Amino acid sequence: MTETTLKVEGMSCAHCKAAVEEELGRLPGVEHSNADPQKGTVEVRYEEEKVTAHDLRGAVEEAGYTVAA
Ligand SMILES: [Cu+2]
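In terms of numbering that gives the first Met the number 0, the sequence shown opens at residue 0 and continues consecutively.
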């Protein structure tokens, strides 16, 4: 299990938080995510054998937000 913090642009409210967390939660191997719209960060705990950083970025984009490099 590994943990990372993504910088995510565009989140502004509780709906954004829920949307990002829901999309990340769809990835098999993501155990937990916690988005903070005020800080613009998302903490993700995941299994590195199952999920790549690319997958995480894709899920955030699927939810309609952008991961800052
Ligand atoms: Cu929102």
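Don't be surprised by glycine CBs; every beta carbon is placed ideally from N, CA and C. Keep in mind it's a predicted model, so treat the numbers as computed, not measured.
For residue i, which of the options has the nearest alpha-carbon?
i     : options                    : result
Leu26 : Gly57, Gly39, Tyr64, Gly63 : Gly57
Gly9  : Glu2, Asp54, Asp35         : Asp35
Please determine whether the Cβ atom of residue i lies at a distance below 6 Å from any heavy atom of ligand 1.
i     : result
Ser32 : no
His53 : no
Please state the DSSP three-state secondary structure of residue i.
i     : result
Ala18 : helix
Leu26 : coil
Glu47 : coil
Ala68 : coil
Ala62 : coil
Tell me whether residue i is buried or exposed, calling it buried when 16 or more other Cβ atoms sit within 10 Å of its Cβ.
i     : result
Met0  : exposed
Ser11 : exposed
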